[in-house]
Ligand code: HEM
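In our numbering, the protein residues as written are 339 to 390.
Pasting the structure below:
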């Protein structure tokens with residue numbers, strides 16, 4: 339899924355991005371291939387939210 343050109347980062351947009359960075363943000367230099375497992379994405383997002 340493609341994200342808009344101005345992104346408000348929240349759990350939902352981050353989830354979309356880390357699912358498939360290259361298709362979520364056209365032209366991103368982020369070379370991470372993406373995490374297909376929704377359980378693992380949820381763990382990553384919970385970890386990042388815990389850093390606030
Ligand atoms: C699940 C792990 C990861 C998460 C959650 C994550 C998250 C993000 C996010 C949210 C951004 C956008 C930041 C912004 O511009 O506002 C970003 C950019 C970036 N990430 Fe990651 N990232 C991850 C893994 C990686 C890995 C493994 C690499 C390197 C191989 C990487 C390299 C980059 C680079 C180079 C950018 C800048 C992209 C650009 O400006 O075009 N990331 N990352």
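For glycine and all other residues, C-beta sits at the position ideal for the given N, C-alpha and C. Quick caveat, the model's predicted, so the values are computed rather than measured.
Check	Outcome
Could you check which residue in 380, 363, 367 has the C-alpha nearest to that of residue 341?	363
DSSP three-state call for residue 357: helix, strand or coil?	helix
Please classify residue 382: is it buried, with 16 or more other beta-carbons within 10 angstroms of its beta-carbon, or exposed?	exposed
My output table needs one value for residue 376: the three-state DSSP class, helix, strand or coil.	helix
Would the beta-carbon of residue 363 be found less than 8 Å away from any heavy atom of the ligand HEM?	yes
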